[in-house]
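Step one of this worksheet: look at the structure below.
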Amino acid sequence: MIQFLQQLINGLALGSIYALIALGYTMVYGVLKFINFAHGDIYMVGAFVGLYVTPWVWKVIPPGQDPSKFNWNTTAGGLVVMLISMVVCAVLGILIERLVYRPLRNRPRLTVLITAIGVSIFLENFGQYLFGADPKSFPDILPDRTIDIGDLSIFMNQIVVFVTTIVLLVALRYIVMKTRMGTAMRALSYNTTAASLMGINNDVIIAFTFGLGSALAAAAGILNAINYPSIDPLMGILPGIKAFVAAVLGGIGNLPGAVVGGLLLGVLETMVVGYISPMYRDAIAFAALIFILLFRPNGLFGKIEKEKV
Amino acid sequence: MNRPKTWLLLSILAAWVISRFQGAINPYYYDILITIGINIILGVSLNLVTGYTGQFSLGHAGFMSVGAYASAMVTLSVGAHARGESLIFIGALLVGGLSAALAGLLVGGPSLRLKGDYLAIVTLGFAEIIRVVFENVEAVGAARGLSIPVHTTDFFWTFLSVALTIYVVVFLVHSTYGRGFLTVRDDEVAAEAMGINATKYKVLAFVVAAFFAGIAGGLYAHFKQFIHPEGFGYLRSVDIVVIVILGGMGNTPGVIIAAVLLTILPEGLRALGSWSALPEAIRPLIQNRMILYSLLLIALMLLRPQGLFSTGGRLTKWLKRGKGAAA
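The listed protein sequences correspond, in order, to chains A and B. Heads up, the first sequence is in the numbering used here, so the first residue is 1286 and it goes up one at a time. Heads up, the second sequence is in the numbering used here, so the first residue is 2 and it goes up one at a time.
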């Protein structure tokens, strides 16, 4: 039982990362109806920005001496690192949209998909050129400590992941449901033409969506790097694809669905690793995807769309 | 190209004649030549699925790996015999091709109901599952890879397969089936309305392409004499996709040119990257061919989505008019 609970907590921590990335896929799909293949690599860039920014932030906010004790300075520094990384990635996402995806707006979907794969390969390999292909170790930007509740041990980092994810989700919900930008976003995903007839500037909203999604991916990159402090330029491929699976699992285009899908996939993966075999860790996501697409192609919460001619 | 059978026989004969002199070819160039042949088979077969039938597959390397492993297992279980070596090799290649075709049927049947982006991800997923399985099955060497003791792939076998692949694909495309493929690509809904069973055509294209990918895998295994699951990953599939897109989707001659160019290109880049006149910082940038490939992909999609070597049918029309065969 203890082992099960432990796996559940680990699974939810992993699932939170998937959920944050999956939100970006789902939001972009909502407004543009295409899969941004390069999204997983934005997550990688997020982690690397964190790696390179940390020494600068530590110069301004010196971290606490003992990494195992809670320290306000360390925590504040960690948050600043995450914010900077989110901003940088948001800018990168908007830039990619402006330079590459916007000229292809009305082209066949296959063209856009191939371009997105091109962007993804570019980010991975240019990353290898820029950062080096070998894994780098990520600094301890947050105090690390284990909290024991009975036989159950929870890492401080996992709590940070949960809290940050919840805060980001609440913020996202507020932006999407309450602000003018969010309303415009929803209008756009409902009907692009009608939205622009109502005076919504599609270009601005789409850029905003890319920025928002990329910022969430960057946060996921930092959170994951805190838990597994080894980062490399190809680290985005698998989480990217798995997060896509999570988005499809919850019904692509559906925000709460992406979160549920992410958590579900994280728990599923951890359980397979814990109870069956760690060798099949990467196959399980694809098996889940194939299963879902064959039996419920619109995901758990997606609405069924009829193809119109 | 009015007599495809004559062309087929002529090219097989040419491959045989050249193979008599293969010992005289510099081993480095020989290696590149065989790789070109394997890449042509992969590109032309994927083009049948992506170019002519309009189904975007990101898992072609998965079928290649099935063919490579199946044919390697045949060779390993039969053992090395000096006599009948060619027969065993043909058998191994066929087993490789058929296993890959079977895998294509198993993968294509369910996943070809999906479209566009979803199909791309599912084929990628299947290829990854195939890779994970090979990495875990002890009988095929698991994560250590598999060594094949014989080196049977030579110039003749490679280019015989190339000629047969091109022949079958061109023949299929110009047959009644070809009309079906093109209709499904151009408008699936309209095709269904005309009574064309779109799924049947899609699965057929998929199975034929998988068969030839399997043959290419068999050739590869008996040429490199060592295969490893990592070698047939996502990036290998992307390599093949780049060949098809650069050549122009649905343009077989273009894809052949692209396969040749993209096989030579990394060698040229390697030479250029070690050229001492270049600044130290730029060299690794040039040597990483994937950076160039990705930029090429993006630029092509933005500026020339029909591919580099597509003349928009102008050349074909001109050729046809010259022969007085305007239909």
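Ideal Cβ placement from N, Cα and C applies to all residues, glycine included. Small disclaimer: the values here were computed from a predicted structure and weren't measured.
Around the C-beta of Val138/B, fewer than 16 other C-beta atoms lie within 10 Å, and the residue is accordingly described as exposed. Ranked by Cα distance from Leu1453/A, the options Leu1427/A, Leu1519/A, Leu1305/A and Ser1474/A are led by Leu1305/A. One alpha carbon belongs to Tyr294/B, the other to Gly1403/A, and they sit about 8 Å apart. Under DSSP, the beta-bridge partners assigned to Thr1431/A are Phe1440/A. Burial state of Arg271/B is exposed, judged by a 10 Å Cβ sphere holding fewer than 16 other Cβ atoms. Shortest Cα-Cα distance from Ile35/B to any of Ala300/B, Gln288/B, Ile265/B and Ile292/B involves Ile265/B.
For Glu189/B, the enclosing alpha helix (DSSP H) has its first and last residue at Glu189 to Ala194. In terms of CA proximity to Pro1541/A, Phe1586/A leads the group Phe1586/A, Val1397/A and Phe1319/A.
Note that the stretch 7-24 of chain B does not touch the stretch 206-216 of chain B; fewer than 3 beta-carbon pairs, one per stretch, sit closer than 8 Å. Against Ala1572/A, the close residues of chain B are Gly126 and Ile130, in the order they occur along the chain (beta-carbon pairs closer than 9 Å). For Phe1576/A, the three-state secondary structure derived from DSSP is helix. Ile1561/A: not part of any alpha helix (DSSP H); DSSP gives it neither H nor E. Using a Cβ-Cβ cut-off of 8 Å, Arg1581/A does not count as an interface residue toward chain B, since no Cβ of chain B sits closer than that to its own.
Taking 8 Å as the cut-off, the beta carbon of Ala1492/A is found closer than this to the beta carbon of Arg1383/A.
Around Leu1377/A, no beta-carbon contact reaches into chain B at under 7 Å, the shortest distance being about 15 Å. Pairwise C-beta distances place the stretch 211-226 of chain B out of contact with the stretch 270-289 of chain B, as fewer than three of them are shorter than 8 Å.
Excluding five sequence positions before and after Ala1543/A, the CB atoms of its chain that fall closer than 6 Å to its own CB belong to Ala1307, Leu1308, Thr1311, Ala1532 and Gly1535, given in chain order.
Closer than 8 Å to the CB of Ala211/B there is not a single CB belonging to chain A. Apart from sequence neighbours up to five positions away, the residues of its chain that approach Leu309/B with a beta-carbon distance below 6 Å are Leu247, ordered along the chain. Listed along chain A are Leu1395 and Leu1398, each with a C-beta nearer than 7 Å to that of Phe57/B. When secondary structure is reduced to three states using DSSP, Ser148/B falls in the strand class.
Apart from sequence neighbours up to five positions away, the residues of its chain that approach Ser1474/A with a beta-carbon distance below 8 Å are Gly1315, Val1316 and Gly1538, ordered along the chain. Beta bridge pairing from DSSP links Ser1515/A with Ser1422/A. Taking a Cβ-Cβ threshold of 8 Å, the residues of chain A close to Tyr119/B are Val1533, Leu1578 and Pro1582, in chain order. Look at Ile228/B here: in three-state DSSP terms it is strand. Closest in alpha carbon position to Pro1420/A, among Gly1378/A, Ile1577/A, Ile1516/A and Thr1396/A, is Ile1516/A. Distances from the CA of Phe1580/A to each of Leu304/B, Arg186/B, Leu115/B and Pro230/B were compared; the closest alpha carbon is that of Leu115/B. Fully contained in the stretch 1457-1491 of chain A are the following alpha helix (DSSP H) runs of length 4 or more, in chain order: 1465-1475 and 1477-1482. Considering only Leu1437/A, Leu1297/A, Gly1325/A and Tyr1414/A, the residue with the shortest C-alpha distance to Val1545/A is Leu1297/A.
Under the Cβ criterion of 8 Å, Gly1403/A is counted among the residues facing chain B.
The stretch 112-127 of chain B makes no contact with the stretch 1555-1567 of chain A; the number of CB pairs closer than 8 Å stays below 3.
Shown in chain order are the members of the stretch 282-312 of chain B whose Cβ falls below 7 Å from a Cβ of chain A: Pro285, Leu286, Asn289, Met291, Ile292, Tyr294, Ser295, Leu296, Leu298, Ile299, Met302, Leu303 and Pro306. Looking at Phe57/B, Val170/B, Ile283/B and Ile89/B, the one whose alpha-carbon comes closest to that of Val1397/A is Phe57/B. Close to chain B, meaning a Cβ-Cβ distance shorter than 9 Å, are the following residues of the stretch 1406-1430 of chain A: Ile1406, Phe1407, Leu1408, Glu1409, Asn1410, Phe1411, Gln1413 and Tyr1414.
For Val141/B, no alpha helix (DSSP H) segment is defined, and its DSSP state is neither H nor E.
Within the model, the alpha-carbon separation for Ile1444/A versus Gly1506/A is close to 16 Å.
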